[in-house]
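J.: Sharing a structure here in structure tokens format.
Protein chains: 2
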Amino acid sequence: MSDEQRRRQRLDISRHAVRLFAEQGVAATSGEQIAQAAGVSERTFWRYFPQKESCVEPLLTKMVDAFCAVVRAWPREIDLIDHLREAYSPLLDAASDEDIEAVLSVVRLTHGERALRAAYLMLRERAEDALTEVLAERLGRPSDGFDVRVQAASMSAVLKVATDEVARAAAGGVTTETLDGHREQIATALRDLSQML
Amino acid sequence: MSDEQRRRQRLDISRHAVRLFAEQGVAATSGEQIAQAAGVSERTFWRYFPQKESCVEPLLTKMVDAFCAVVRAWPREIDLIDHLREAYSPLLDAASDEDIEAVLSVVRLTHGERALRAAYLMLRERAEDALTEVLAERLGRPSDGFDVRVQAASMSAVLKVATDEVARAAAGGVTTETLDGHREQIATALRDLSQML
DNA sequence: ACATTTATTGGCACCATCTGCCATTAAGCG
DNA sequence: CGCTTAATGGCAGATGGTGCCAATAAATGT
């Protein structure tokens, strides 16, 4: 089976799982139930997701990866803030509204569901690693250097807070203004942060 | 039973668990085994620790709480960096060498053991909340404000990177120089960071 | 088109994690 | 010393998660 097919399958299961998680909570949603909703056997489900909470990964990584791509495409001569305004909105337009809603609902869920929060934080750390690579290359420094890692971690922290914020703000339905506000919030915070670079 | 006794009991179990985790890995260490090593029934063990990985909490919180206390005692008129130099070392002296080693070994373990990393990150977020409160009070701003949370998150990120770093550096036994280096690393990073405040 | 190999799936058994319930024991107290 | 209350331990059970093997589907060779 191709990687692409596998990715689609995982994403499909992910959507079902997230819906169930939101409807009845993570603990009350069994692996069997998710498998049934997605139309696969329980055994296959556990093969696709070694832990129940990783069901949120495909949806979340879609967003995280997209953001990482934006950062990676950040031209050397442009301020990050401008690049963000340029490249971030089309990215959000490309994703389906349902997926955006789903992602934000997961972020909201992470505040009450310990297991989800843990999975979410792990994912963020993977994103942080990607960010570290990009920063290291841009600054021409080793990616395991202390300063580079601190910068990446700080940027990642900004993103985390901003994401929590936008998820909270979009609780009653997401609008273009909410997302633009989100982008601007990130941009300003990153500008403040970048004064230390 | 008094809270103090309960705390001690948890800490005791924690030490056994961490030793076993380091010796044979988290997955290969069963709750039954930890309970046996700590001299309690399995049922009681699960009462003390709702999840196996939370065994590392008592040891880790000891350190995290201590750091939070230092930050909380940070006098308004003194730079954080100076306060750290003043207050951080006695704190490390107060803790037993074994506990410091244990904490660092846990931090090292978190790099290979997903479950532990998750628990560790959750704990760090609790510390971040504490930090947010302190910062909010010092700056006279609401603790749920965006800027305060960003600052706290960034400081927390610095601490995370520095802690990973010192744990790595102290792999072959911890020395006073290592810890002092750690403190200075935090201090410098925080100073750089504070230019944005 | 057919046979063969190979990857994916599902079913089953199994261990580990974690919880609810109740009996037992220990601790605090008049 | 009796009484009350809290902590403990044992047991059953649901769920999470894995290894193993058979069945099936997909890719490949002829």
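The listed protein sequences correspond, in order, to chains B and D.
Residue 142 in the UniProt record's numbering sits at position 142 of the first sequence, with consecutive numbering throughout.
Residue 120 in the UniProt record's numbering sits at position 120 of the second sequence, with consecutive numbering throughout.
A virtual CB, placed ideally from N, CA and C, is assigned to each residue, including glycine.
Predicted, not measured: the structure shown is a model, and the values here were computed from it.
(1) What three-state label does DSSP hand Phe-45(D) in the structure shown?
(2) Which runs of the alpha helix (DSSP H) fall wholly inside the stretch 80-107 of chain D and span at least 4 residues, in chain order?
(3) Grouping DSSP H, G and I as helix and E and B as strand, with all else coil, what is Asp-65(B)?
(4) Does DSSP put Gln-9(D) in a helix, a strand or coil?
(5) Hey, Ala-157(D) and Ser-2(B) are a contact pair by Cβ (cut 8 Å); roughly how many whole angstroms apart?
(6) Counting only beta-carbon atoms, is Lys-160(B) nearer than 8 Å to chain D?
(7) Consult DSSP for Gly-31(D) and reduce its assignment to one of helix, strand or coil.
(8) Between the alpha carbons of Ala-118(D) and Arg-124(D), how many angstroms are there, rounded?
(9) Out of Arg-141(B), Val-70(B) and Ser-154(B), which has the shortest C-alpha to C-alpha gap to Glu-183(B)?
(10) Answer yes or no: do Leu-92(D) and Ile-100(D) have a C-beta to C-beta separation smaller than 8 Å?
(11) For Ala-22(B) versus Ile-34(B), is the C-beta distance shorter than 8 Å?
(12) Please list the partners that Glu-165(D) has in chain B, where partner means a Cβ-to-Cβ separation under 7 Å.
(13) 8 Å is my cut-off, CB to CB: does Gln-5(B) come that close to chain D?
(14) Residues of the stretch 126-154 of chain D in Cβ contact with chain B at a cutoff of 7 Å, in chain order, please.
(15) Please classify Ala-171(B) as buried or exposed, where buried requires at least 16 other C-beta atoms within 10 Å of its C-beta.
(16) Of all the options Leu-121(B), Arg-7(B) and Gly-39(B), which has the alpha carbon lying nearest to the alpha carbon of Pro-58(B)?
T.: Inspection of the coordinates gives the following:
(1) In the second sequence, the residue the question calls residue 45(D) occupies position 45. Phe-45(D) falls in the helix class under three-state DSSP.
(2) 80-94
(3) For the purposes of this step, residue 65(B) is identified with residue 65 of the first sequence, where counting begins at 1. Three-state result, Asp-65(B): helix.
(4) On the second sequence, residue 9(D) is found 9 positions in, with the first residue counted as 1. Note: Gln-9(D) maps to helix in three-state DSSP.
(5) Mapped onto the second sequence, residue 157(D) falls at position 157. Mapped onto the first sequence, residue 2(B) falls at position 2. Contact doesn't hold; Cβ gap of about 38 Å is too wide.
(6) The residue given as residue 160(B) occupies position 160 in the first sequence. Yes, contact with chain D.
(7) For the purposes of this step, residue 31(D) is taken as residue 31 along the second sequence, with counting starting at 1. In this structure, Gly-31(D) counts as helix in the three-state DSSP scheme.
(8) Against the second sequence, residue 118(D) aligns to sequence position 118. Against the second sequence, residue 124(D) aligns to sequence position 124. C-alpha separation (whole angstroms): 10 Å.
(9) Your numbering for residue 183(B) matches position 183 in the first sequence. Note that residue 183(B) is Arg in the sequence shown, not Glu. Looking at the Cα atoms, Val-70(B) is the closest of the given residues.
(10) Position 92 of the second sequence holds residue 92(D). Position 100 of the second sequence holds residue 100(D). Result yes, Cβ atoms of Leu-92(D) and Ile-100(D) sit closer than 8 Å.
(11) Taking the first residue of the first sequence as 1, we reach residue 22(B) at position 22. Taking the first residue of the first sequence as 1, we reach residue 34(B) at position 34. Not a contact, by the Cβ cut-off of 8 Å.
(12) Your numbering for residue 165(D) matches position 165 in the second sequence. Those are Phe-146, listed as they occur along chain B.
(13) Locating residue 5(B) in the first sequence gives position 5, where the first residue counts as 1. By this cut-off, Gln-5(B) is not an interface position.
(14) Phe-146, Arg-149, Val-150, Ala-153 and Ser-154
(15) Walking along the first sequence from the start, residue 171(B) turns up at place 171. It is exposed - the Cβ of Ala-171(B) has fewer than 16 other Cβ atoms within 10 Å.
(16) For the purposes of this step, residue 58(B) is identified with residue 58 of the first sequence, where counting begins at 1. The candidate whose alpha carbon is nearest that of Pro-58(B) is Arg-7(B).
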